[in-house]
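Just below is one structure, and these are the notes that go with it.
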Amino acid sequence: MDKLTILIADDHPVFRKGLRALLTSMPTTELVGEATTGEEAINLAEQLQPDVILMDLQMP
10 MDKLTILIAD DHPVFRKGLR ALLTSMPTTE LVGEATTGEE AINLAEQLQP DVILMDLQMP
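With our numbering applied, the sequence shown covers 10 to 69.
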């Protein structure tokens, strides 16, 4: 079974750290990237093509 690839996009480092810890502990998911701005999230999404993007909608 293929792992679900995930990109995190959030400007709060503590939130990203917690989410990263949760996702990396799950055997069915693979964290492929993290973004701190909307522009960075778009660039990484185009480059990495993740299955899911977990994104803060109110970030720079």
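For glycine and all other residues, C-beta sits at the position ideal for the given N, C-alpha and C.
- Looking at Ser34, Met35, Ala18 and Met68, the one whose alpha-carbon comes closest to that of Ile62 is Ala18.
- At a cut-off of 4 residues, the continuous stretches assigned as alpha helix (DSSP H) that sit fully inside the segment 13-49 are 22-33.
- Between Met64 and Asp20, the CB-CB gap reaches or exceeds 8 Å.
- One thing to note: Leu28 has its Cβ no nearer than 8 Å to the Cβ of Val41.
- By the CB criterion at 8 Å, Leu13 and Thr33 fall outside the cutoff.
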